[in-house]
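Trainee: Under the numbering used here, the residue at position 181 of the sequence shown is numbered 181, and the numbers go up by one with no gaps. Each residue gets a CB set at the ideal place from its N, CA and C atoms; glycine is no exception.
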Amino acid sequence: MRPVTRYNGVSALLLLFSILLCAGCRKADSGAEAQRETKPRIVSLAPSVTEMIFAIGAGEHLVGRTTACDWPAEAADVPVAGAFGRPSMEVLASMHPDIVIDVDLEEERNGGKIRDLGIRTERIVCKNPDDIPGALRTLGKLTGHRHQADSLAAVIEKGLAKFREKNLRRRQKPLVYLEIWDDPFWTGGRESYTSALISYAGGHNIGDAVRKEYFEISQEWVIEQNPDIIACMYMSKDTPAASGVMQRNGWHHISAVKHKKVFDGFDNSLFLRPGPRVLEGIAQLDRLIEKK
1 MRPVTRYNGV SALLLLFSIL LCAGCRKADS GAEAQRETKP RIVSLAPSVT
51 EMIFAIGAGE HLVGRTTACD WPAEAADVPV AGAFGRPSME VLASMHPDIV
101 IDVDLEEERN GGKIRDLGIR TERIVCKNPD DIPGALRTLG KLTGHRHQAD
151 SLAAVIEKGL AKFREKNLRR RQKPLVYLEI WDDPFWTGGR ESYTSALISY
201 AGGHNIGDAV RKEYFEISQE WVIEQNPDII ACMYMSKDTP AASGVMQRNG
251 WHHISAVKHK KVFDGFDNSL FLRPGPRVLE GIAQLDRLIE KK
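Now the structure itself:
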């Protein structure tokens, strides 16, 4: 009888070992899944999204970006998935992301194609500075960096509130012309992000006369609006952009030209890209407005 008892004991030990091994495998598998949930692989299809992800300390989640994602410097180390709003579907698929985040797609049907690959898509759009704190908090939830996102969002909310309060005490709001490009001439309208920045800085955007985001204008229209401040958002090849504006025919009657309040040398991403550096962009415009 002893051999039988011994055999059953060995069998029981082998059975117990098998159960523990399987349980260990299941635990490891669930652990990998949990890690993937808390550290999702993300492809960003917009520079603003890339900036915000790095700003909340979640840059390690990025496995893909666009050619336009140039800030911060660490973004250059992230592989390129395509152009702004125009990903290469083959390259994107090879990155095996869990989430693809965009603000707009050149071809909206690509969103469906991405989802057909079993990849989750998210859209985070910021039309004005007030949208940025919410966008940061959303990214904090997606990446598991809620604390960092909440902290940065609170700083931006506080900064925006200070600018609002300051502008309530401002008696006059100078007219501001933000020249986005000069060939052809482009500026921001009432629905543009740049208009909101100018307002926060205490100015009045001359483009608010048109209910659009960005639109083409004529030199005659600018002269008629007679802005007090002109800010050039581009680099000129031959001469500094501000010097070129000062020398334009017929512009010498404009207030900004007469009082030498034409400026250039800006990092235009601060003014055209909604993101974590929003307070820096407003502060620069605020200094221009207060400049004597």
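Is P87 helix, strand or coil by DSSP?
Mentor: Here P87 sits in strand by DSSP.
Trainee: Start and end of the alpha helix (DSSP H) containing W221?
Mentor: Note, W221: alpha helix (DSSP H), Q219 to Q225.
Trainee: Decide if T239 is buried, meaning its Cβ has at least 16 other Cβ atoms within 10 Å, or exposed.
Mentor: Exposed.
Trainee: If I follow the unbroken alpha helix (DSSP H) through I229, where does it start and stop?
Mentor: It is not in any alpha helix (DSSP H) - I229 instead sits in the beta strand (DSSP E) that spans I229 to C232.
Trainee: Is it buried or exposed, H297, if we count other Cβ atoms within 10 angstroms and call 16 or more buried?
Mentor: Residue 297 lies beyond the residue range present for the chain, which begins at 1 and ends at 292; the question has no answer from this structure.
Trainee: Between the C-alpha atoms of R190 and R169, what's the straight-line distance to the nearest angstrom?
Mentor: Answer to the nearest angstrom: the Cα atoms are 23 Å apart.
Trainee: Please state whether DSSP places F271 in a helix, a strand or coil.
Mentor: Three-state DSSP puts F271 in a helix.
Trainee: Is E106 helix, strand or coil by DSSP?
Mentor: Coil at E106, not helix or strand.
Trainee: Between P72 and the rest of its own chain, which residues show a CB-CB distance below 6 Å, the 5 nearest in sequence each way excluded?
Mentor: Only F54 meet the Cβ criterion.
Trainee: Tell me which residues share the same chain as C69 and place their Cβ nearer than 6 Å to its Cβ, disregarding the 5 neighbours each side in the sequence.
Mentor: So the list reads P47, T50 and A75, once near-sequence residues are dropped.
Trainee: Considering Cα atoms alone, identify which of K39, I282 and V43 is closest to R164.
Mentor: Of the listed residues, the one whose Cα sits closest to R164 is I282.
Trainee: Report yes if the C-beta distance between L285 and Q225 is below 9 Å; otherwise report no.
Mentor: No. Outside cutoff.
Trainee: Measuring only the C-alpha atoms, how far is E33 from S199?
Mentor: Bear in mind that a pLDDT of 45 at E33, under 50, signals an unreliable position, so the model cannot answer this.
Trainee: Over the uninterrupted alpha helix (DSSP H) stretch that includes T50, give me the two end residues.
Mentor: Per DSSP, T50 belongs to the alpha helix (DSSP H) from P47 to A55.
Trainee: Determine the closest residue to S195 out of D182, D183 and A209, with distance taken between C-alpha atoms.
Mentor: Answer by Cα proximity: A209.
Trainee: With a cut-off of 8 Å on the beta carbons, I'd call L136 and M233 a contact; round off their distance for me.
Mentor: Contact doesn't hold; Cβ gap of about 24 Å is too wide.
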